[in-house]
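Peer 1: Residue numbers (the numbering used here): 514 to 652.
And the structure:
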């Protein structure tokens, strides 16, 4: 239910930003081209985000199943970090590629993918040990 509400909130945001671009502005607004440049990209980023999320989540779920059945001797924490990292890499690769190809240079796209992925893996490694105690605390 929360995911569906988030999806609808994103759709409403995209529609409102596109509507804003077609509404008349104050005569003194010199930033119209910049607004169009930034907010005109929202549909593309929205679609790229949904495709990337689905692909990354599917990869994460598939890898989790494989890791659980074939590599059960590896500690769950390391299996979790590995599967989440691969799922995130696929998510980031698809989102940044679809969202920014043709807008920025290929070098910048590769740099964004690597930087964002490394940052997320570091965050996962820091947060992962806290997951089990947090779940115990919630239950």
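Here a beta-carbon is modelled for each residue, glycine too, at the ideal position from N, C-alpha and C. Bear in mind the structure is a predicted one, so any value in this text is a computation, not a measurement.
Within the same chain, show all residues whose beta-carbon is closer than 6 Å to that of residue 565, passing over the 5 residues directly before and after it, in chain order.
Peer 2: Only 604, 607, 608 meet the Cβ criterion.
Peer 1: What three-state label does DSSP hand residue 614 in the structure shown?
Peer 2: strand
Peer 1: Output needed for residue 581: all residues of its chain with C-beta closer than 8 Å, excluding positions within five of it in sequence on either side, in chain order.
Peer 2: 592
Peer 1: What number of angstroms, rounded off, separates the C-alpha of residue 635 from the C-alpha of residue 578?
Peer 2: Linking residue 635 to residue 578 through their CA atoms gives a straight-line distance of about 23 Å.
Peer 1: Going by the beta-carbon positions, is the gap between residue 627 and residue 614 smaller than 8 Å?
Peer 2: no
Peer 1: How would you label residue 569, buried or exposed, when you count the other beta carbons within 10 angstroms and need 16 or more for buried?
Peer 2: buried
Peer 1: Which residue spans inside the region 600 to 645 form an unbroken alpha helix (DSSP H) run of at least 4?
Peer 2: none
Peer 1: If you draw a straight line from the C-alpha of residue 535 to the C-alpha of residue 521, how long is it?
Peer 2: 22 Å
Peer 1: Let me know if residue 647 comes out buried or exposed under the rule of 16 or more other beta-carbons within 10 Å of its beta-carbon.
Peer 2: So residue 647 ends up on the exposed side.
Peer 1: When the Cα atoms are used, what is the spatial distance from residue 523 to residue 559?
Peer 2: Rounded to whole angstroms, the separation of the alpha carbons of residue 559 and residue 523 is 7 Å.
Peer 1: Distance, Cα to Cα, residue 527 vs residue 552?
Peer 2: Distance from the CA of residue 527 to the CA of residue 552, rounded to the nearest whole angstrom, comes to 8 Å.
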